[in-house]
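Residue numbers (this note's numbering), protein chains in the order written: chain A, 1 to 207; chain B, 1001 to 1207; chain C, 2001 to 2207.
A virtual CB, placed ideally from N, CA and C, is assigned to each residue, including glycine.
Just so we're clear, the structure is a prediction, and the values are computed from it rather than from any experiment.
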Amino acid sequence: MFELLYWLDLFGVIVFALSGALMAGRYKLDPFGVVVLAAVTAIGGGTIRDVILGTTVFWVANPVYIFVILFTAILTIILIRRPKRIPKRFLLIADAFGLALFAVLGTQKALDLGVSTSVAVVMGIITGCAGGMIRDVLCNVIPMILRQEIYALAAMLGGCLFIIFNSLGLSENVSTVCAIIGALKLRLAAIYWQVSLPAFHISEKEK
Amino acid sequence: MFELLYWLDLFGVIVFALSGALMAGRYKLDPFGVVVLAAVTAIGGGTIRDVILGTTVFWVANPVYIFVILFTAILTIILIRRPKRIPKRFLLIADAFGLALFAVLGTQKALDLGVSTSVAVVMGIITGCAGGMIRDVLCNVIPMILRQEIYALAAMLGGCLFIIFNSLGLSENVSTVCAIIGALKLRLAAIYWQVSLPAFHISEKEK
Amino acid sequence: MFELLYWLDLFGVIVFALSGALMAGRYKLDPFGVVVLAAVTAIGGGTIRDVILGTTVFWVANPVYIFVILFTAILTIILIRRPKRIPKRFLLIADAFGLALFAVLGTQKALDLGVSTSVAVVMGIITGCAGGMIRDVLCNVIPMILRQEIYALAAMLGGCLFIIFNSLGLSENVSTVCAIIGALKLRLAAIYWQVSLPAFHISEKEK
């Protein structure tokens, strides 16, 4: 059982590192800048979660994550140099996979450490969203999570689905996979149909 | 005594959540983006303080903060949709209340954990200013603290006043309230009369 | 031996505080904004390192850092007001010194706490680069580390050199100084000749 979660976690790191590297490609960064942006995106959320929960940070305990990120970033640079043109959606889709995986796995890790369910859902949102937020802030872009497509909502759905499935007596593996699929579907649907929740907008009276 | 501090703390969370939600309104975020920005503003500073001090993060220990933020953000969306126009100062004033409250309460919490007074004042500044800094960075705006009106100075004043009043033998409650009022007055005065300290400016010789 | 490291660390804090204060001068911040930006630049990286490693944050344990930053920022404001024009490179060079010093000292501190070498090198990169990253993000600029001149590479080189020299049986002091010089030379050379690694660039097909 531990095995499945571990591989899902590594897969999340890979897709987020890919999204960071693709973002870097838009800004003409040098190869080390690409690695840094990939790393920040891939481990930023989990690092903040672990620091807030006061537990050992996952990549300090297991340095394999560092090499996976390095490898992903280098491979992205090598493979993408040739066509040099990729559809814009590619970054969004990689980001969506990372979001769904990390939101559910983050919620689960928090629950394992014994926090209340509401805190666990928030930890899921942080794990899923914070890495991408830091990536966007470093590139001087308002983060996806704050712009209009359903983003934080998908992360929250993932965490809640996991808690619901788990409390219904499903095994942890099944709950995890189903919750990830649920969150992913919502986010991909939002990307595909460009669905947004109605925006909240205030005009300001200068006074 | 604990009670008063607890309510002041919750009040600080509410006004900062409000300031985050109002800022979100300027950028046409979706409702979940509003909640995220409100949360980051309200608990960002305290979270950084607790993480640096190595103590349990306050909202992990007591999830009521999460619900207070959720409630504040939703209420802001509902109530402000109608008039749709609010004076620009409203955000500044909510921010000033949060700043004064958190600067004093942050200093106090740090002192309770046994750090030296200079570190405690810095912790007060972090608690009061960091949430608003993150809010502004996420919205791609240079943070208030770095722009010209007296901001960090007000936070520092709050922390110092608390330490002075307390060492003069005033009760903790009285010291807290007086220090908050002092910091708030300075910041509100700076907003009202648009007072600034003289700016530090370097022209650059390109060479 | 401890002495040398301590003085090097303080020197790193001073040069980074200087770079933060100089950056502040470009943006016409008030004196307290200058102090805040100097502080964030000087202790941001080390703070993140200590928090991730779960050890006591260095400036909480030893508040002398706070006063050194305050003093550096105030001195910068006073001294630089007169000529009001300084070469642009000055900020880059101060930043390069801080980068080299902190990258090596950060790697060393992480190794002392018993993490694996790959994690220690990453900690060195974080210690050296994170403060400057936060400084740049707060000023709404894409961080140096992501732009084209060799930056993260110099930090990594510093950490790796230290590990190599140390494993070759050189004393800790000698290894530290040599590694710092190596990292500094690479970064200064990159600034001087404006050397960059070839940029990674993706054109996007909107589809």
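Outcome for L1161/B when other beta-carbon atoms lying within 10 angstroms are tallied against a minimum of 16: L1161/B should be labelled buried.
Could you compute how far the alpha carbon of D2136/C sits from the alpha carbon of I1134/B? 14 Å
Which term fits K2109/C, buried or exposed, when burial requires 16 or more other beta carbons within 10 angstroms of its beta carbon? buried
Are G2128/C and A2155/C close, meaning C-beta to C-beta below 8 Å? yes
So if I threshold CB-CB distances at 8 Å, which residues from the region 126 to 159 of chain A count as touching chain B? C129, M133, V137, N140, V141, I142, P143, I145, L146, R147, Q148, E149, I150, Y151, A152, L153 and M156
Note down the Cα distance separating L105/A from I1125/B, rounded to an integer number of angstroms. C-alpha of L105/A to C-alpha of I1125/B: approximately 34 Å in a straight line.
With 8 Å as the limit, tell me which residues of the region 1047 to 1069 of chain B have their beta carbon closer than that to any beta carbon of chain C; keep them in chain order. V1051, I1052, L1053 and G1054
Interface residues of chain B facing L2037/C [CB-CB closer than 8 Å]: L1146
Sorted by chain position, which residues of the same chain lie with C-beta nearer than 7 Å to L1139/B's C-beta, five sequence neighbours on each side aside? Just to set this straight, residue 1139/B is Cys in the shown sequence, not Leu. Taken in chain order, the residues that qualify are M1023 and Y1027.
Endpoints, alpha helix (DSSP H) assigned at L2092/C: R2089 to D2112
Nearest-angstrom Cα separation, counted from E1172/B out to I1180/B: 12 Å
Indicate whether A1120/B and T1107/B have their beta-carbon atoms separated by less than 8 Å. Against a cut-off of 8 Å, the Cβ pair of T1107/B and A1120/B comes out as a contact.
On a CA-only basis, which of I1163/B, A1042/B, W1059/B and D1030/B is nearest D1112/B? Give me that one, please. I1163/B
Once the 5 residues before and after I66/A are set aside, which same chain residues still bring their CB inside 8 Å of it? Here the set comprises A39 and W59.
Are any of the Cβ atoms in chain C nearer than 8 Å to that of Y241/A? Outside the displayed range of chain A (1 to 207) lies residue 241/A, so it cannot be described from this structure.
Cβ closer than 8 Å: which chain B residues qualify as neighbours of G2098/C? For G2098/C, no chain B residue has a Cβ inside 8 Å of its Cβ, as the nearest lies near 18 Å away.
Drop a sphere of 10 angstroms on the beta-carbon of L146/A, count the other beta-carbons inside from all chains shown, and report buried for 16 or more, exposed for fewer. buried
Can a CB atom of chain A be found closer than 8 Å to the CB of G1033/B? yes
State yes or no: is the C-beta of L1170/B within less than 8 Å of the C-beta of T1076/B? no
Backbone secondary structure at R147/A - three-state DSSP: coil
Boundaries of the alpha helix (DSSP H) in which T1127/B is found, first to last residue: T1117 to L1138
Spatial neighbours of F2102/C in its chain, beta-carbon cut-off 6 Å, leaving aside the 5 residues before and after: So the qualifying residues of the chain are G2012, G2045, T2127 and G2128.
For T176/A, which residues from the same chain have a beta carbon less than 8 Å from its beta carbon, with the 5 sequence-adjacent residues on both sides left out? L4, L5, L8, V104, L105, Q108 and F162
Got a sec: which bits of the region 2103 to 2121 of chain C sit with their beta carbon under 8 Å from any beta carbon on chain A, in order along the chain? V2115, S2116, S2118 and V2119
Please report the residue range of the alpha helix (DSSP H) in which W1059/B lies. F1058 to A1061
Compare the beta carbon distance of L184/A and A100/A with 8 Å and say whether it is the shorter of the two. yes
Would you tell me roughly how many angstroms separate the C-alpha atoms of V2036/C and A1152/B, rounded to the nearest one? 8 Å
Measure the beta-carbon distance from V1015/B to A1094/B and round it to whole angstroms, keeping in mind my assumption that it falls under 8 Å. The pair is a contact, with the Cβ atoms about 5 Å apart (cut-off 8 Å).
Could you check the C-alpha separation between M123/A and G54/A for me, to the nearest Å? 12 Å
State the DSSP-derived secondary structure class of G141/A, mapped to helix, strand or coil. Here residue 141/A turns out to be Val, not Gly, going by the sequence shown. The three-state secondary structure of V141/A, taken from DSSP, is coil.
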